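Participant: Residue numbers (the numbering used here), protein chains in the order written: chain D, 182 to 1329; chain V, 5 to 114.
Built from N, CA and C at the ideal position, the CB exists for glycine as well.
No experiment lies behind these values; they were computed from the predicted model shown.
So, in C-alpha cells, the structure goes:
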C-alpha cells in the first residue's frame, strides 16, 4: 500500500469508528465521566492564599504575598480583576469577612510587627484597630456581626488566649487559653471550633479539635477524626450543617511526622454529628493528597481552597461535595478505583467508599481499612500506616472471633516492622548510629517472642538485617520464606517480602527477576496484583535481556507454568508483539498483527488485563520504532474500551498521546500532509484541542494546498456533531492564523475578532490550548498597543493569567508547557519584569527544543533577561552556550551571537574572553553593520583598557571616533534613536582618562566638552538628563583647569575654573541641589586655585563667587545637625573661604 | 583644622582638583583633609541598561524579530516526542492491587 492509499485507508477507518462514537456520545459525555478537577482562580507567581469569599462567592478577599510582603487583595470572580485593598501602608494578611459582608477584619503589621487585629468598613474604607500594644494578635474570625474572635499572646507567654472582642464596647472576653490554633465560628454565632496542640511529646506534638458552645456548656475536646495525621483550618458551611477543614493526612515529605509541612487534604463532616458523637467521626474526603489544598472557605455553593502547585499557592474552587461526583454509586466508585492512575487517587476513592457506605449493612469497614493500610504502605507513609495498624487491631479484637484475633495479632506485630522503618528513616542516610542499633536489637528480641506468624517473624528479622546494613543476612532470611510454595502467606506478608527483595536486589535485576513468578503465580493475590507483577516482570525482562530470543524463551517458560493460566493472554500478547518486531516480511508481519489484535480483543471484558496488554504491546512496538503498528494498537485499545466506561477518558488520553507523538514526528520529518491527516484522526477520536490547533495550523501552511480540505473537514465535523464546543476555538484560531502576517491595523482587528469568537473556556482534553490562545491574543494586543515603556496593565494581566492557566491545565504536556513558559518569559521581559522573565526562561530551558536554532535563541534571550536583572556572569555563561549552539547549527547570524557573547563577557568583567570575541568579530569583513562596528570598537577599546593594553585601547577609541563621524543617527527599530555621538562622547572621555600627557588629556577633554555642549536641548534624545549633562560639563571643566595648571597655563586655568563655576551654578538650578558634590567641589577648587594663582584671575573676588560660597555655607550649616559629614563639609568650606578671603583682600 | 588646611595650602600641596560625585562623603572629607588629593571618577560604561545597550551593545533587529517569532506562539512547541513526560508515565501506569487479608476482588457488590 502506498502512502496515499494508506492515508485513505486510515481516514475510512476513522470515519467508521467515529460514527460509532458519535452514536454513543449522545448518551455519555466521557470528558465528564471522571473525578471533577479543581478549578483554578488566581495565578502566581505571587502566593495567593487564605480566601474569604462573600456568601455568593462572587468576590473573594485574599492574602497575596508579593516580594515577601503580604497584602490583602479584593478579587472579583467574574472579571478576574484584582485590586489592592490593604497593604500599601504596611503588611496585612488573613482577611475575615463579617457575616453581613460589610466589614473585613485582618491581621495588620503596620504599627506592630507582632501583629494587630484591624478591620475596614468596605463601604468607605475606614480602618480601625483593636488596641493591643505589645501583644501578638492573630487569626481574626467573626463570631457575629458585633464580635470579632482573635488569638492573643502576651509578651513572654507561650500560651495563646482566645478572645471575643465586642466592637461596640471595645472590650474583650477571654474564652479559652492554651496552645490554640485555627479558630472558626459557626454562622449562627453559637460555636467556636479550634485546635489545641499537645506538646507533651516534643518530637511528635498532637493536634486535637475543641469546641466552645457560647450558649451552653464549657469548652470541651471533640472526639478525634477517624483519620491519620493532624487537622488544620476550619470553616463552617453557610447553613452550619457542615464543618469543612483541611487535614495533614500523611507524611508526604517523609520526615516521619505529619505536620503542616506535609501535603494537606480537604475534608468535611456533618456538624450535628460531630457535635453529638462521643466516638471518632469519619469525615468525607474532598480532595486528593496530590492537590495539597488547605485554608477552606465556603460560599453558598462553592468551596474555596488554597492549593500549592509549581511552587506557588493559589486559590481554587470546587463544588461543596468535592472532587468525587456526589451522584456516583458504589459501582462507579469501584470503577473509579480500578481506573485510578495514582495511589493518592485510590486513597481518595477508598475514603469516599468508607464515608458513603458507613450506613450500609453490607459494609465491611475492616476490608477498606486494610486497603488504606496497603495504599499508605505503597506510598511509604509510615505514620499513616501506623494509624491504620492500630485501627485494624481494634476492629479485629472487637469482633471477638478466634480467626480475627489472629489478624489482630498480625497487625500488632507488623507495627514492630513499621517502627523499625520509621526509626531508620529518621537516621542520617548511610550512617548507622549506636542508638538505632540498640533499638534494632530490642525490636529483634521482641520479634522472637511473636507466638504465631512464623513468616512474619522471619520477615521482620530480615528487615532488621537490611536496615542495619546486613543485606546478605537479610537475603538469607528472605529465602526462608516460602514465597513460591506457601499458600498460607498473607498477601501483605508476600508484598513486604517482595518489597525487601526489590530493595536488596536493586543492583542485581537478573536475580530479582527470578522472584517475580512467585508473585504473579500466587493464587493468594488479587488478579490486579498478579497482573501488576507480571507486567513489571515483562518490563524488567526487557531491560535485562534486550535480546528478543532470550525474552521469547523466558516468556514461553512462564506460559508453560499452569499457575500462570490467568495471565496467559498477557504473555501471549508479549510473545506476539515481540515476534512482530523481528518479522521482516510484510505479509507475515500483518498476520502477526492480526493475531495480536485478536488476543487483545479477547481482553475486552477484563479492563485491568486490557490495559496491561495494550500498554505492553504499545511499549514493545514503540521501542522497535514500528510507529504505525503502535498507533494501531493504541486505537485498538480505544476501540476496545466502551465510551460509557470511566477508563475511556484515560484511553482517549493515551490514544491522543500516541497519535500526537506520531503526527509531531511527521511534522519534524517535514511530512506535513501525513501529519495533517494524523491530527485529523486525533480530532475525530478524542476532540483534543491540541490536535485541532495542529490540524488547522498545518492546513493553513502555504504551498501544500490543504485550505479547501481543511474547510471541508470542519464542515464534516460540524455535520457529524463531533466538534461540540470546540468550534469556537477552531474559528478563532483560523481567524488568527490566516492573518498572521497582515498589517498592524488588520492584525489588531483580527485579534479582536478572534477573542470574540473564542468565547467561554473550553474544558476537556487539551483544554490548556484555550488558555494558551487567549493568553496569546492578549499578549499580541499588548505588543501592538505598547508605546515606549507604557503598556496596558489589563492586557498584561489577562495574558499572564491565561498563560499560567495553560501551564496548570497542561501541567504534564511538555509541548504546551514549553510554549507557555516561553510566552511568559517574553511577556514579562516586554513589561520589564526581568527577574521573572529570567525565571520563566530558565523553566523553559528545562524542556527540549525542536532545533538548535530555537534553543540558541531561547538561551540568548534568557541571557538578556539575566543581564537586565544585573546577573551579568550568568548572562555571559548563557550567551556562550548560545554561541556554541549557533556555531554547531551554522546559523546565519553567527556574528550577532558572538557580539552578544563579547558584550556580556565584558559586562561580566571577563575581559580576556571579551577581547577574543571582539578581535574575531572586528577582523571579519561585513560581520557588523557600521553602527554595530562603532559600538564594538568602543567596547573592544574599553576591554583593552581594562586589560591595561592602553596603546591598543587608544587606537580603538580613535577608530570609534572616526567611524562614528561618518554615521547618521538611526532608529533601527529600537526604542531609542541611536546617535553615534554617544560612542564618540564615551571614546573621548576614555581617551582623556588613559592619556599620560596632559596635552592629550586637554585635547580629548576639550573634544568631550564640545560634544556635551552640542547636546544642549537634545538631552532626552540621548537618554541623558540636563542635570547629568551639566554635571559632566562641570567635571570636564574642573579637570581641564587642573590640566592647565599642571602645564603652567594659568590664565587658561583661571578662565576654565571660572567657567566651571558658571556651569556648576546652572547645574544647581537645574537639579535643585544646593549642597551637592558638583557645586561643593567646584567652589572649593575655584577658591584653592585662586589662593595659589590669584594674579591670573581677571576678577578673582567676584560677586558670583561670594554669593555662591555664602549660599553653600548657609545650606550646609542648616543641615549640619543631620549629618556629621555635612558638618565637616561646612567646616572645610568655611576654613577655605577664610583663607581665600584673606588672600584676595590682601591683593586688594 | 584650619591649621591643617593652612599648612596644606602653605605647602602648596593641593595639586589635584577635588571632584567626585561618586565617593562617599566621609571618605571624601578625610581624603581632602589628609592628602589634599581626590582622584577623578572612572568613566562608567555601565549606566542604565537601556542607555548602556545604546552605547556598547550591538543592535540586531532582524535577529530580535526572529527570536520573537520563534518564541511567542498561540500553540504548542512542535517537539517531535515527549517520551519521558509525566503524563505519559501517568497514562500508562499500572498500579498494584491492595493487600487485604481476604484477598477479595473488588466488585460493585462488595
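Name the chain A residues whose beta carbon is nearer than 9 angstroms to that of residue 524 of chain D?
Facilitator: In the structure shown, chain A does not exist; the protein chains are D and V.
Participant: I'd like to confirm the pairing. Which residues does DSSP put opposite residue 1064 of chain D in its beta bridges?
Facilitator: Translated into positions along the first chain, residue 1064 of chain D becomes position 883. Note: residue 1064 of chain D sits in no beta bridge, so no partner.
Participant: For a contact defined as C-beta to C-beta under 9 angstroms, what are the partners of residue 1112 of chain D on chain V?
Facilitator: Working through the first chain from its first residue, we reach residue 1112 of chain D at position 931. Result: 62, 63.
Participant: Is it the case that the Cβ atoms of residue 637 of chain D and residue 674 of chain D are separated by a distance below 8 angstroms?
Facilitator: Position 456 of the first chain, counted from the start, is the residue given in the question as residue 637 of chain D. Position 493 of the first chain, counted from the start, is the residue given in the question as residue 674 of chain D. Contact: yes.
Participant: Based on DSSP bridge pairs, tell me the residues matched to residue 1231 of chain D.
Facilitator: Start at 1 with the first residue of the first chain, and residue 1231 of chain D comes out as number 1050. According to DSSP, which records beta bridges pairwise, residue 1231 of chain D is partnered with nothing at all.
Participant: By the criterion of Cβ-Cβ separation under 9 angstroms, what are the contact partners of residue 967 of chain D in chain V?
Facilitator: Within the first chain, the letter at position 786 stands for residue 967 of chain D. Going along chain V, no residue has its Cβ under 9 angstroms from residue 967 of chain D, so there is no contact; the nearest lies around 13 angstroms.
Participant: Distance cutoff 8 angstroms, beta carbons only. Does residue 39 of chain V sit that close to anything in chain D?
Facilitator: As a working note, residue 39 of chain V is residue 35 in the second chain. Residue confidence is low: residue 39 of chain V scores 34 on pLDDT, short of 50, so the model does not pin down where it sits. Its coordinate-derived value is still stated next. No, no contact with chain D.
Participant: Would you decide whether residue 78 of chain V is buried or exposed? Buried here means 16 or more other CB atoms lie within 10 Å of its CB.
Facilitator: Counting from one through the second chain, the residue named residue 78 of chain V turns up at place 74. Its Cβ being crowded by 16 or more others within 10 Å, residue 78 of chain V is buried.
Participant: Which first and last residues belong to the alpha helix (DSSP H) in which residue 679 of chain D is found?
Facilitator: If you number the first chain from 1, residue 679 of chain D lands on position 498. Note, residue 679 of chain D: alpha helix (DSSP H), 672-685.
Participant: Could you tell me whether any Cβ in chain V is nearer than 8 angstroms to the Cβ of residue 831 of chain D?
Facilitator: Taking the first residue of the first chain as 1, we reach residue 831 of chain D at position 650. It does; some Cβ of chain V falls within 8 angstroms.
Participant: What residue does the beta strand (DSSP E) around residue 475 of chain D start on, and which one ends it?
Facilitator: Within the first chain, the letter at position 294 stands for residue 475 of chain D. 474-479 is the extent of the beta strand (DSSP E) around residue 475 of chain D.
Participant: Can residue 235 of chain D and residue 480 of chain D be called in contact, C-beta distance under 8 angstroms?
Facilitator: Start at 1 with the first residue of the first chain, and residue 235 of chain D comes out as number 54. Start at 1 with the first residue of the first chain, and residue 480 of chain D comes out as number 299. Cβ distance < 8 angstroms, so residue 235 of chain D and residue 480 of chain D count as in contact.
Participant: Say whether the segment 933-948 of chain D touches the segment 897-915 of chain D, bearing in mind that this needs 3 or more beta-carbon pairs closer than 8 angstroms, one atom from each stretch.
Facilitator: The answer is yes - the segment 897-915 of chain D touches the segment 933-948 of chain D, with three or more Cβ pairs under 8 angstroms.
Participant: What residues in its chain sit with their C-beta under 8 angstroms from that of residue 681 of chain D, if we drop five residues either side in the sequence?
Facilitator: Counting from one through the first chain, the residue named residue 681 of chain D turns up at place 500. Excluding sequence neighbours, residue 681 of chain D sits near 640, 643, 644, 647, 655, 659.
Participant: Are the CB atoms of residue 983 of chain D and residue 959 of chain D within a distance shorter than 8 angstroms?
Facilitator: In the first chain, the residue the question calls residue 959 of chain D occupies position 778. In the first chain, the residue the question calls residue 983 of chain D occupies position 802. Their beta carbons are under 8 angstroms apart, which means residue 959 of chain D touches residue 983 of chain D by this criterion.
Participant: Thinking C-alpha only, which one of D:368, D:358, D:369, D:370 is nearest residue 376 of chain D?
Facilitator: Residue numbering aside, residue 376 of chain D sits at position 195 when the first chain is read from its first letter. Among D:368, D:358, D:369, D:370, the Cα nearest to that of residue 376 of chain D is on D:358.
Participant: Hey, would you say residue 871 of chain D sits closer than 8 angstroms to residue 827 of chain D, going by beta carbons?
Facilitator: As a first step, residue 871 of chain D must be located in the first chain, where it is residue number 690. As a first step, residue 827 of chain D must be located in the first chain, where it is residue number 646. In this structure, residue 827 of chain D does not lie closer than 8 angstroms to residue 871 of chain D by Cβ.
Participant: Give the DSSP-derived three-state secondary structure of residue 1145 of chain D in the structure shown.
Facilitator: Here residue 1145 of chain D refers to the residue found at position 964 when the first chain is read from its first residue. Three-state DSSP puts residue 1145 of chain D in a helix.
Participant: Would DSSP call residue 511 of chain D helix, strand or coil?
Facilitator: Position 330 of the first chain holds residue 511 of chain D. The answer is helix: DSSP assigns residue 511 of chain D an H, G or I state.
Participant: With a threshold of 8 angstroms, are at least 3 pairs of Cβ atoms found where one atom belongs to the segment 542-558 of chain D and the other to the segment 855-867 of chain D?
Facilitator: Flag = no, the segment 542-558 of chain D and the segment 855-867 of chain D do not touch.
Participant: Which two residues bound the contiguous beta strand (DSSP E) that contains residue 345 of chain D?
Facilitator: Working through the first chain from its first residue, we reach residue 345 of chain D at position 164. Here the beta strand (DSSP E) through residue 345 of chain D covers 341-347.
Participant: For a cutoff of 8 angstroms on Cβ pairs, would you count residue 659 of chain D as touching chain V?
Facilitator: Numbered from its first residue, the first chain carries residue 659 of chain D at position 478. Chain V, which has no Cβ nearer than 8 angstroms to the Cβ of residue 659 of chain D, makes this no.
Participant: Could you please give the first and the last residue of the uninterrupted beta strand (DSSP E) stretch that includes residue 667 of chain D?
Facilitator: Residue 667 of chain D sits at position 486 when you count from the first residue of the first chain. From DSSP, residue 667 of chain D is part of no beta strand (DSSP E); its letter is neither H nor E.
Participant: Terminal residues of the continuous beta strand (DSSP E) containing residue 376 of chain D?
Facilitator: As a first step, residue 376 of chain D must be located in the first chain, where it is residue number 195. Run containing residue 376 of chain D: 372-379, per the beta strand (DSSP E) assignment.
Participant: Express the C-alpha separation of residue 671 of chain D and residue 105 of chain V in angstroms, rounding to a whole number.
Facilitator: In the second chain, counting from the first residue as 1, residue 105 of chain V sits at position 101. In the first chain, counting from the first residue as 1, residue 671 of chain D sits at position 490. Distance from the CA of residue 105 of chain V to the CA of residue 671 of chain D, rounded to the nearest whole angstrom, comes to 6 angstroms.
Participant: Please go through the same chain and pick out, in chain order, the residues whose beta-carbon is closer than 7 angstroms to the beta-carbon of residue 754 of chain D, but skip the five residues on each side of it.
Facilitator: Here residue 754 of chain D refers to the residue found at position 573 when the first chain is read from its first residue. If we look at residue 754 of chain D and ignore the five residues flanking it on each side, its Cβ neighbours are 777, 780, 781, 794, 797, 798.
Participant: Nearest-angstrom Cα distance between residue 599 of chain D and residue 721 of chain D?
Facilitator: As a working mapping, residue 599 of chain D is identified with position 418 in the first chain. As a working mapping, residue 721 of chain D is identified with position 540 in the first chain. Spanning the two alpha carbons is a distance of roughly 28 angstroms.
Participant: Thinking residue 1022 of chain D and residue 1006 of chain D are a contact (beta carbons under 8 angstroms), I'd like their distance in whole angstroms, please.
Facilitator: Walking along the first chain from the start, residue 1022 of chain D turns up at place 841. Walking along the first chain from the start, residue 1006 of chain D turns up at place 825. With a contact defined as Cβ atoms closer than 8 angstroms, residue 1022 of chain D and residue 1006 of chain D qualify at about 4 angstroms.
Participant: Return yes when the Cβ of residue 487 of chain D is within less than 8 angstroms of the Cβ of residue 232 of chain D, no when it is not.
Facilitator: What you label residue 232 of chain D is simply residue 51 of the first chain in a count that begins at 1. What you label residue 487 of chain D is simply residue 306 of the first chain in a count that begins at 1. Yes, the pair counts as a contact, with Cβ atoms nearer than the cut-off.
Participant: Near residue 212 of chain D, which residues of its chain fall below 6 angstroms by C-beta distance, leaving aside the five closest residues on each side in sequence?
Facilitator: Taking the first residue of the first chain as 1, we reach residue 212 of chain D at position 31. For residue 212 of chain D, where only same-chain residues beyond five positions count, the Cβ hits under 6 angstroms are 945.
Participant: Determine whether the beta carbon atoms of residue 302 of chain D and residue 284 of chain D lie at a separation below 8 angstroms.
Facilitator: Here residue 302 of chain D refers to the residue found at position 121 of the first chain. Here residue 284 of chain D refers to the residue found at position 103 of the first chain. Yes; because the gap between Cβ atoms is below 8 angstroms, this pair is in contact.
Participant: For the beta strand (DSSP E) that contains residue 446 of chain D, what are its first and last residues?
Facilitator: In the first chain, the residue the question calls residue 446 of chain D occupies position 265. 446-451 is the span of the beta strand (DSSP E), which, as asked, contains residue 446 of chain D.
Participant: Smallest Cα separation from residue 1099 of chain D: which of D:1109, D:1083, D:1112, D:1051?
Facilitator: Reading the first chain from its first residue, position 918 is the one you call residue 1099 of chain D. The candidate whose alpha carbon is nearest that of residue 1099 of chain D is D:1083.
Participant: Can you round the beta-carbon distance between residue 76 of chain V and residue 1004 of chain D to whole angstroms, since I take them to be within the 8 angstroms contact cut?
Facilitator: What you label residue 76 of chain V is simply residue 72 of the second chain in a count that begins at 1. What you label residue 1004 of chain D is simply residue 823 of the first chain in a count that begins at 1. At roughly 5 angstroms, the Cβ-Cβ gap stays under 8 angstroms, so residue 76 of chain V and residue 1004 of chain D are in contact.
Participant: Is it true that the segment 1203-1218 of chain D meets the segment 1252-1264 of chain D, where meeting means three or more beta-carbon pairs spaced less than 8 angstroms apart?
Facilitator: yes
Participant: Does any residue of chain V have a CB that is nearer than 8 angstroms to the CB of residue 997 of chain D?
Facilitator: Here residue 997 of chain D refers to the residue found at position 816 when the first chain is read from its first residue. By this cut-off, residue 997 of chain D is an interface position.
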